[in-house]
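Participant: Numbering (my numbering), first residue to last: 31 to 633.
Heads up, the beta-carbon is just placed ideally off N, CA and C, and yes, glycines get one too.
Owing to the predicted nature of the structure, the values given are computational and were not obtained by experimental measurement.
Structure below; questions to follow.
The structure is reproduced here in structure tokens:
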């Protein structure tokens with residue numbers, strides 16, 4: 031995120047690389063290595079102050095406040111110092127101290143960030159310090175190895191330096207984050223670094239620029255992609271595919287505005303629970319701002335679809351109602367969290383909201399899951415699991431009663447059990463208004479991404495006072511299902527670029543066919559061929575440049591065009607085209623009709 035994407039095991043890799051949460055041993059190794067990193071930095075750079083140093087999926091990082099930027103040469107020095115520390119075989123000692131004693135020691139070191147961390151530890155929780163021998167210590171909950179000799183000095187590396195704000199807050203000091211990775215064996219480290227190189231080759235930011243799909247412009251702003259004609263074509267193809275699938279399943283299209291009054295999101299709860307992720311309110315005056323009377327850019331589409339439902343009296347016979355929209359929403363992501371298409375500030379969701387009777391909930395939920403599986407099959411995304419994203423009973427961020435949450439969570443649990451779908455529970459991953467079934471996709475480089483999602487919502491029908499007239503004439507609450515098979519179009523396209531390494535399947539390729547006339551005198555025939563293909567819905571262009579044929583072929587291959595049609599004297603005389611595929615396979619001479627027969631099957 032060019033050969034077709036391979037699974038990690040297919041990509042000449044017999045090794046399975048474990049994530050930190052999959053291996054208690056690796057968790058201890060990686061956590062301790064982060065402490066060794068911090069110790070080495072403070073040895074070499076005494077002015078550096080430490081902040082936090084957690085593990086990541088495949089390694090660790092540590093944030094430092096240091097006046098000078100760390101250079102690649104600095105990283106090499108730090109790594110050598112870390113290896114020296116590891117080889118000393120320092121015991122890793124856990125010590126539990128009082129809050130007052132921890133404060134005394136931290137103040138003696140002159141470490142203000144550690145004081146903030148100490149103050150953030152809830153009352154009643156133990157205060158623990160981990161020592162590396164008698165030479166260095168840090169506040170930490172663990173876990174760690176017992177001795178630094180348990181870290182293989184040839185199985186870790188420092189990867190990069192990046193900027194990071196303290197506590198993720200742009201108003202607080204900017205720190206330097208050193209990323210590292212650690213493994214049990216040098217062979218695992220070597221395989222991990224190979225995958226990093228492969229990830230760079232597939233990086234959607236690099237390939238997206240090379241393939242001319244999208245751009246970012248400073249004048250527009252970070253996290254706001256601009257789609258070129260090729261990229262927009264790709265979006266259209268994906269949208270058209272899903273729209274057709276939705277029409278077959280009784281979805282009704284709607285379109286809603288990009289902004290709305292703050293009051294709408296106060297009713298939904300977004301203003302209270304989600305405000306820090308929304309763009310600031312637009313108000314006509316300071317008085318209006320103080321009274322919170324103004325407009326905001328929408329972070330979600332659901333409150334708008336709810337208004338359409340409320341616009342008419344609904345009968346039990348009208349349900350289920352399924353409203354669908356490719357709606358663009360806006361989230362004020364922190365600049366340090368933005369990343370190509372996978373984390374942006376404006377993105378389009380293939381959103382739909384279903385209003386169902388309680389007795390229809392399970393059947394409609396299963397139909398939504400079936401649609402998501404159809405989407406994944408079309409996109410050839412096969413390696414995924416379902417995450418049951420439930421509430422954390424210890425948190426107070428959720429709306430509604432425990433009984434309502436139990437009903438919604440049980441409906442999701444029954445659905446995945448009925449489908450015998452591989453799944454796991456993610457406690458605390460629910461939206462604030464309801465639990466979700468999220469589809470977690472593992473890509474060709476063994477990375478995980480969240481794609482499709484389905485949510486059960488008992489809260490918004492209550493908050494917006496939604497009802498339908500039941501068969502007995504009483505007023506009853508509908509249940510809402512929120513669903514998005516693609517999730518975000520931007521994120522999906524970024525993932526697909528990397529999964530396919532830019533080699534889109536024929537049906538999805540923005541430019542499916544490129545015609546290569548061997549000289550200008552065959553442009554007329556090339557135009558005839560192009561028009562025949564366009565009439566049949568093929569996305570085709572002519573390379574009318576004056577380049578020689580070998581360069582035109584190289585350009586088409588570099589652009590990952592699925593088919594090249596070479597036309598010259600022989601082809602014009604015979605009414606044929608010479609067909610070449612993007613990886614050099616020659617299919618010989620075909621009539622245009624025969625070529626169309628072959629490629630239409632790929633659409």
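How is residue 193 classed by DSSP in three states: helix, strand or coil?
Facilitator: For this step, residue 193 is matched to residue 163 along the chain shown. Looking at residue 193 - three-state DSSP - the assignment turns out to be strand.
Participant: Going by DSSP in three states, residue 365 sits in which element: helix, strand or coil?
Facilitator: For the purposes of this step, residue 365 is taken as the residue at position 335 of the chain shown. Three-state DSSP puts residue 365 in a helix.
Participant: Please classify residue 320: is it buried, with 16 or more other beta-carbons within 10 angstroms of its beta-carbon, or exposed?
Facilitator: For the purposes of this step, residue 320 is taken as the residue at position 290 of the chain shown. Per the 10 Å Cβ criterion, exposed.
Participant: Just checking my contact of residue 78 with residue 95 at CB under 8 Å: how many whole Å lie between their CB atoms?
Facilitator: One-based indexing of the chain shown puts residue 78 at position 48. One-based indexing of the chain shown puts residue 95 at position 65. Between residue 95 and residue 78 the Cβ distance is about 7 Å, and since that is below 8 Å, they are a contact.
Participant: Residue 295 lies in the alpha helix (DSSP H); which residues open and close that run?
Facilitator: On the chain shown, residue 295 is found 265 positions in, with the first residue counted as 1. Note, residue 295: alpha helix (DSSP H), 292-298.
Participant: From the DSSP output, in three-state form, read off residue 175 for me.
Facilitator: The count along the chain shown starts at 1 and reaches residue 175 at position 145. In this structure, residue 175 counts as coil in the three-state DSSP scheme.
Participant: According to DSSP, is residue 601 part of a helix, a strand, or is it coil?
Facilitator: One-based indexing of the chain shown puts residue 601 at position 571. Reduced to three states, the DSSP call for residue 601 is helix.
Participant: Between the Cα of residue 408 and those of 536, 511, 311, spot the shortest distance and give me the residue it belongs to.
Facilitator: Locating residue 408 in the chain shown gives position 378, counting from the first residue. Residue 536 is the option with its Cα nearest to residue 408.
Participant: Let me check understanding here. Comparing Cα to Cα, which of 143, 444, 136, 172 lies closest to residue 123?
Facilitator: Indexing the chain shown from 1 puts residue 123 at position 93. Out of 143, 444, 136, 172, 172 has the C-alpha closest to the C-alpha of residue 123.
Participant: Among 632, 554, 565, 570, which residue has its Cα nearest to the Cα of residue 598?
Facilitator: Taking the first residue of the chain shown as position 1, residue 598 is located at position 568. Checked all of 632, 554, 565, 570; the closest Cα to residue 598 is 554.
Participant: Since residue 532 and residue 237 are thought to touch, with beta carbons under 8 Å apart, how far apart are those beta carbons, to the nearest angstrom?
Facilitator: Here residue 532 refers to the residue found at position 502 of the chain shown. Here residue 237 refers to the residue found at position 207 of the chain shown. Yes, they are in contact, since the Cβ atoms of residue 532 and residue 237 sit about 4 Å apart, within 8 Å.
Participant: How about residue 622 and residue 559: are their beta carbons less than 7 Å apart?
Facilitator: Position 592 of the chain shown holds residue 622. Position 529 of the chain shown holds residue 559. For residue 622 and residue 559, yes; Cβs fall inside 7 Å.
Participant: Pop quiz: residue 92 and residue 208 are said to be a contact at Cβ under 8 Å. What is the actual Cβ separation, rounded to whole angstroms?
Facilitator: In the chain shown, residue 92 corresponds to position 62, counting from 1. In the chain shown, residue 208 corresponds to position 178, counting from 1. Sure, about 6 Å apart at Cβ, within 8 Å.
Participant: Residue 204 lies in the beta strand (DSSP E); which residues open and close that run?
Facilitator: By one-based count along the chain shown, residue 204 stands at place 174. Residues 204-212.
Participant: Compute the Euclidean distance between the alpha carbons of residue 502 and residue 453, then round it to the nearest angstrom.
Facilitator: The residue you call residue 502 lines up with position 472 of the chain shown. The residue you call residue 453 lines up with position 423 of the chain shown. Cα-Cα distance, rounded: 39 Å.
Participant: Taking 7 Å as the limit between beta carbons, can you name the residues of its chain near residue 100, skipping five residues before and five after?
Facilitator: Taking the first residue of the chain shown as 1, we reach residue 100 at position 70. If we look at residue 100 and ignore the five residues flanking it on each side, its Cβ neighbours are 191, 206, 208.
Participant: For the region 260-323, which segments carrying the alpha helix (DSSP H) assignment without a break, of at least 4 residues, lie completely within its bounds, in sequence order?
Facilitator: The region 260-323 contains these whole alpha helix (DSSP H) runs: 292-298, 300-303, 316-320.
Participant: For the putative contact between residue 373 and residue 254, defined by C-beta atoms under 8 Å, what is the C-beta separation to the nearest angstrom?
Facilitator: The residue you call residue 373 lines up with position 343 of the chain shown. The residue you call residue 254 lines up with position 224 of the chain shown. Going by Cβ atoms, the distance from residue 373 to residue 254 rounds to 12 Å, so no, they are not a contact pair.
Participant: Looking at the structure shown, is residue 372 part of a helix, part of a strand, or coil, going by DSSP?
Facilitator: Position 342 of the chain shown holds residue 372. Of the three classes helix, strand and coil, the one that applies to residue 372 here is coil, per DSSP.
Participant: How far does the beta strand (DSSP E) with residue 347 in it reach, from first residue to last?
Facilitator: Walking along the chain shown from the start, residue 347 turns up at place 317. Premise fails: residue 347 is in no beta strand (DSSP E) and is neither H nor E.
Participant: Here's the rule I'm using: 16 or more other beta-carbon atoms within 10 Å means buried, otherwise exposed. How should residue 331 be labelled?
Facilitator: Residue mapping note: residue 331 aligns to position 301 of the chain shown, counting from 1. By the 10 Å Cβ count, residue 331 comes out buried.
Participant: Check residue 83 in the structure and name its three-state DSSP category.
Facilitator: To locate residue 83, count along the chain shown from 1; it is residue 53. If DSSP states are grouped into helix, strand and coil, residue 83 belongs with coil.
Participant: If you follow the beta strand (DSSP E) that residue 466 is part of, which residue opens it and which one closes it?
Facilitator: As a first step, residue 466 is located in the chain shown; it is residue number 436 there, counting from the start. Note, residue 466: beta strand (DSSP E), 466-472.
Participant: Please classify residue 41: does DSSP put it in a helix, a strand, or coil?
Facilitator: As a first step, residue 41 must be located in the chain shown, where it is residue number 11. Residue placement at residue 41 is poorly supported in this model, since its pLDDT is 42, which falls under 50; the coordinates are not used for a value here.
Participant: Starting from residue 61, follow the alpha helix (DSSP H) in both directions and report where the run begins and ends.
Facilitator: Here residue 61 refers to the residue found at position 31 when the chain shown is read from its first residue. Counting along the chain, the alpha helix (DSSP H) containing residue 61 begins and ends at 54-74.
Participant: What I want to know is whether the C-beta of residue 128 ends up closer than 6 Å to one or more non-hydrogen atoms of the ligand HEM.
Facilitator: By its list of ligands, the structure shown contains no ligand whatsoever, and the ligand HEM lies outside what it can speak to.
Participant: Does the count of Cβ pairs from the region 284-293 and the region 414-426 closer than 8 Å reach three?
Facilitator: The region 284-293 vs the region 414-426: no contact.
Participant: If I'm right that residue 82 touches residue 147 with Cβ under 8 Å, what's the distance once you round it to whole angstroms?
Facilitator: Here residue 82 is taken as the residue at index 52 of the chain shown, counted from 1. Here residue 147 is taken as the residue at index 117 of the chain shown, counted from 1. Indeed, because the Cβ distance is near 7 Å, the residues count as touching under 8 Å.
Participant: Opposite residue 504 in the DSSP bridges: which residues?
Facilitator: The count along the chain shown starts at 1 and reaches residue 504 at position 474. In DSSP, residue 504 forms no bridge with anything.
Participant: Applying the criterion that 16 or more other CB atoms from any shown protein chain within 10 Å of the CB defines a buried residue, is residue 40 buried or exposed?
Facilitator: What you label residue 40 is simply residue 10 of the chain shown in a count that begins at 1. Note that residue 40 scores 40 on pLDDT, short of 50, meaning its location in the model is unreliable; the coordinates nonetheless yield the value given after this. The residue is exposed, with fewer than 16 neighbouring Cβ atoms inside 10 Å.
Participant: I'd like the list of long-range same chain contacts for residue 46, defined as Cβ closer than 6 Å, with 5 residues on each side in sequence excluded.
Facilitator: For this step, residue 46 is matched to residue 16 along the chain shown. Same-chain partners within the cutoff: there are none.
Participant: Between the region 519-530 and the region 472-492, can you find at least three pairs of beta-carbon atoms closer than 8 Å?
Facilitator: Taking 8 Å as the limit for Cβ pairs, the verdict is that the region 519-530 does touch the region 472-492.
Participant: Kindly indicate which residue of 128, 143, 141 has the alpha-carbon position closest to the one of residue 153.
Facilitator: Walking along the chain shown from the start, residue 153 turns up at place 123. Comparing Cα positions, the closest option is 128.
Participant: Give, in chain order, every unbroken run of the alpha helix (DSSP H) that is at least 4 residues long and sits entirely within the region 77-133.
Facilitator: Runs of the alpha helix (DSSP H) inside the region 77-133: 102-117.
Participant: Grab the span of the beta strand (DSSP E) containing residue 160 for me, first residue to last.
Facilitator: For the purposes of this step, residue 160 is taken as the residue at position 130 of the chain shown. From DSSP, the beta strand (DSSP E) with residue 160 extends over 157-162.
Participant: Tell me the DSSP secondary structure of residue 629 in three-state form.
Facilitator: On the chain shown, residue 629 is found 599 positions in, with the first residue counted as 1. Three-state result, residue 629: helix.
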